[in-house]
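Beneath this line is the structure, given in structure tokens, with notes to follow.
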Amino acid sequence: QVQLVESGGGLVQPGGSLRLSCAPSGSTATIYVMGWYRQAPGKQRELVATMTSGGSTNYADSVKGRFSISRDNPKNTVYLQMNSLKPEDTAVYYCNAIQSWGKHYWGQGTQVTVSS
Numbered sequence: 002q003v004q005l006v007e008s009g010g011g012l013v014q015p016g017g018s019l020r021l022s023c024a025p026s027g028s029t030a031t032i033y034v035m036g037w038y039r040q041a042p043g044k045q046r047e048l049v050a051t052m053t054s055g056g057s058t059n060y061a062d063s064v065k066g067r068f069s070i071s072r073d074n075p076k077n078t079v080y081l082q083m084n085s086l087k088p089e090d091t092a093v094y095y096c097n098a099i100q101s102w103g104k105h106y107w108g109q110g111t112q113v114t115v116s117s
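Heads up: take any position in the sequence shown, counting from 1, add 1, and you land on the numbering used here.
Below, the structure is given as structure tokens:
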């Protein structure tokens, strides 16, 4: 089992920055991929960024050049640095972890609101 605790959401003006954190616990050694997804009202959940245990990253086209995913290896905490935020980035952001055999785990979600 893996538990994920997210933090760092909030209200920010357009053009601003936020950093989300996701701290896993439990069977963290079995995690192959960690990442962030988001879901805006009335829309499907979509991938934002992922990072494998080997350090390979993947980003949605809509966030490339603005968002950056990173990992603190000793703590296994994963971060999402979000810069140049736009109103369309407003969503609930969910941390995701995938074990090596494919089982998914989700955090509780953290609200990010970009508004003036």
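Every residue, glycine too, gets a C-beta built ideally from N, C-alpha and C.
These numbers were taken from a predicted model, which means no experiment stands behind them.
| query | result |
| --- | --- |
| Whole-number beta carbon distance between Y80 and L21, since they are thought to touch under 8 Å | 7 Å |
| Terminal residues of the beta strand (DSSP E) in which A24 lies | L19 to G27 |
| Of the listed residues I70, D62, T114 and S117, nearest to S54 (C-alpha basis) | I70 |
| Local Cβ density within 10 Å of W37, reported as buried at 16 or more and exposed below that | buried |
| Beta-carbon proximity check, A41 vs A50, cutoff 8 Å | no |
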